[in-house]
Amino acid sequence: MKDLSQVEKINTVIEEYFKTNASITIVPVKNLMPAFIQAGIFAKDVKKGLPIRLVLRDLDASNQLALIPFVYAERHGEHTYWYFVPANVSAPKTPYKQEKKKPENDPIAIRLNSDETYVIDLCDKVLALTSDRQKRFDFLLGDLHKNGKKQTMLPVDAYYEELQLVVEYKEIQNFRPRAGFDRDEEEQDEESTKTVSREEQRRIYDERRAKVLPEHEISLVVIAYSDFDYDVNNKIIRKEESDLKIVQKALKAFC
């Protein structure tokens with residue numbers, strides 16, 4: 001039998017936590033370690049919540065987990081992730097992300113903050129239109145897949161249907177030299193039967209866009225990172241007022 005006095009203290013701390021934080025419906029157990037230490041339940045934290053996890057594992061092994069009614073165990077095979085939920089709240093029906101991705105590592109956040117997004121936002125502002133981003137056309141295709149039957153529709157950065165206009169933003173990757181790439185960097189493009197480097201594949205598909213789009217009466221405007229002031233990492237030094245003028249000049253035929 002687990003020390004009931006320790007369990008009672010743990011329950012008291014958890015209950016007080018949810019009273020103070022009424023909007024929170026689930027929390028990783030490690031987040032309450034400072035409160036447990038302050039209450040004298042544990043002397044210090046180890047490995048981000050190990051002391052409370054050991055208590056919960058002990059209760060779980062002896063089939064006494066119900067002694068802490070706030071516990072929610074998310075089990076993934078041999079691994080268990082421990083959380084606390086208010087006593088009057090049902091356990092989550094879907095897995096809870098224990099660690100949210102840091103914005104700087106989140107692919108969506110990265111794309112939203114990218115130079116491409118910034119430049120296309122400026123294009124939307126200059127043209128007073130909302131572009132269709134990552135638009136794909138059934139006539140703009142990549143190379144044959146390995147099965148020799150299918151081709152992937154290639155995306156464009158921004159398409160303005162009203163103007164029959166495509167805008168492509170080019171980063172430094174698009175301007176690397178064709179020859180001289182390291183053979184160790186070669187890879188089999190998953191869309192293609194050809195073995196090429198990434199730089200070579202970009203060049204091929206950029207040329208294909210430039211050729212195919214006008215054949216379907218769609219204009220193409222290319223705006224490059226080098227059109228703007230940029231830093232040592234080839235990222236745009238954002239100055240919206242002057243950057244808008246650069247974009248206006250590039251799009252003057254459509255304004």
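This note's numbering numbers the first residue of the sequence shown as 1 and each following residue consecutively. Positions of the beta carbon are idealized from the N, C-alpha and C atoms, including for glycine.
Taking all protein chains shown into account, decide if residue i is buried (16 or more other Cβ within 10 angstroms of its Cβ) or exposed.
i	result
Pro-86	buried
Arg-75	exposed
Met-153	exposed
Phe-139	exposed
Ala-73	exposed
Val-221	buried
Val-119	buried
Val-89	exposed
Leu-56	buried
Leu-32	buried
Val-46	exposed
Ser-23	exposed
Asp-157	buried
Val-256	In the structure displayed, the chain extends from 1 to 255; residue 256 sits before or after that span and is not available.
Ser-242	exposed
Ser-131	buried
Using a Cβ-Cβ distance under 8 angstroms, would residue i count as near chain B?
i	result
Arg-209	Going by chain labels, chain B is absent from the structure shown, which holds only one protein chain.
Can the beta-carbon of residue i be found closer than 8 angstroms to that of residue j?
i	j	result
Ile-172	Phe-84	no
Leu-127	Tyr-159	no
Val-166	Ile-237	no
Asp-121	Lys-235	no
Ile-37	Lys-44	yes
Leu-54	Val-7	no
Lys-134	Gly-142	For clarity, residue 134 is Gln in the given sequence; the question names Lys instead. Not a contact, by the Cβ cut-off of 8 angstroms.
Arg-209	Glu-240	no
Leu-251	Cys-123	yes
Tyr-17	Ala-39	no
Ile-41	Lys-9	yes
Return helix, strand or coil for residue i, following the three-state DSSP convention.
i	result
Gln-64	coil
Lys-48	coil
Ile-37	helix
Asp-262	Not covered by the structure: residue 262. The range shown for the chain is 1 to 255.
Gln-164	coil
Lys-170	strand
Glu-78	coil
Asp-115	helix
Ile-14	helix
Asp-243	helix
Val-27	strand
Glu-42	The amino acid occupying residue 42 in the given sequence is Phe; Glu does not appear at that position. Phe-42: coil per DSSP, three-state reduction.
Who are the near neighbours of residue i in its chain, counting only those whose CB is closer than 6 angstroms to its CB and skipping five residues on each side?
i	result
Lys-30	Lys-48, Gly-49
Leu-163	Phe-254
Lys-249	none
Return the chain-ordered list of same chain residues with a C-beta closer than 8 angstroms to the C-beta of residue i, the five sequence neighbours on each side being excluded.
i	result
Tyr-225	Asp-115, Tyr-169, Lys-170, Glu-171, Ile-172, Asn-234, Lys-235, Ile-236
Leu-4	Leu-67
Leu-112	none
Leu-65	Leu-56, Leu-59, Val-71, Ala-73
Might you give, ordered along the chain, the residues of its own chain that have their beta carbon closer than 7 angstroms to the beta carbon of residue i, omitting 5 neighbours on each side?
i	result
Ile-246	Asp-227, Phe-228
Every unbroken beta strand (DSSP E) inside the segment 192–231 [3 residues or more]:
219–224
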